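All the letters of the sequence shown, read from the start, carry residue numbers 69 to 246 under the working numbering. From the three backbone atoms N, C-alpha and C, an ideal C-beta is built for every residue, glycine too. Small disclaimer: the values here were computed from a predicted structure and weren't measured. Structure record follows, encoded as structure tokens.
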Amino acid sequence: ELEALKDDPAINNITQEDVDSANTALTETVRLGQEQGTVHLAALFEKQKRLQVIENLLATLQTKLSDLKGQRDKAALSKAGKKGIDTNSLDSRIASLTEQINKNTAARAEVVREIDMLQRMVTGERPAVEDQPKSRCDVVREELREKLERRKKEKAKQERRTKRQADKTTDEAVSSVM
């Protein structure tokens, strides 16, 4: 078989220049692969540090949330004793902390996904089908869904405000009649 290849015109037409350029291209490809591996490792390390920061922040936020809930419960008990502690500010702080926790949990999930993707790149595994980038249609659909949810929440919040205001005016009207 080697003798047959020796007489092949395609093999006979290969020059030393062709061999040198192929060797140079191969060397460059290996070098770029090594650089890319180094870049992926550095990115992986940074993502792992970010994940650790997010997890520490989540733990701190959870602790603060538990403390605030305890304060709110104590305030509710003492309010029964007419101490006059404002639970509305505690409720708003609890809502704010809960929102921060939700945002950081979502950020944590994204970082975990990115770490998984980088680990696959470093080890040379092909990304799973679900790791493929989302199409523009999917991105727009998610954005619209989030926008709709925000509008629904805002509408519900406005309805609660309106109801409270209506209750307040009825209470004032009843108290002024008496």
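State the DSSP-derived secondary structure class of N81, mapped to helix, strand or coil. coil
Flag this pair as yes or no: are the beta carbons of T155 and R176 separated by less than 9 Å? no
Helix, strand or coil for D184? Go by DSSP, reduced to three states. helix
Coarse secondary structure for D76, derived from DSSP in three states: coil
Could you say if the segment 199–219 and the segment 121–141 meet the contact criterion of at least three C-beta pairs nearer than 8 Å? no
Taking the CB atoms as reference points, tell me whether I122 and N172 lie closer together than 9 Å. yes
In chain order, what residues of the same chain have a beta carbon less than 6 Å from the beta carbon of I169, not counting five sequence neighbours either side? L129
7 Å Cβ shell around K221 - same chain, five flanking residues per side excluded: Excluding positions up to five away in sequence, the list is empty.
Report the CB separation of I183 from K115 in whole angstroms; it is logged as a contact under 8 Å. 5 Å
Give the DSSP-derived three-state secondary structure of G192 in the structure shown. Coil, per DSSP.
Buried or exposed: V87, going by 16 or more other Cβ atoms within 10 Å of its Cβ? With fewer than 16 Cβ atoms within 10 Å of its Cβ, V87 is classed as exposed.
Contact defined as beta carbons within less than 8 Å: I believe V190 pairs with L119. What is the distance between those atoms, to the nearest angstrom? Actually they are not in contact, since the Cβ atoms of V190 and L119 sit about 16 Å apart, beyond 8 Å.
Between the CA atoms of A144 and A241 - distance to the nearest angstrom: Taking the straight line joining both Cα atoms gives about 27 Å.
For L186, does the count of other Cβ atoms within 10 angstroms reach 16, so buried, or fall short, so exposed? buried
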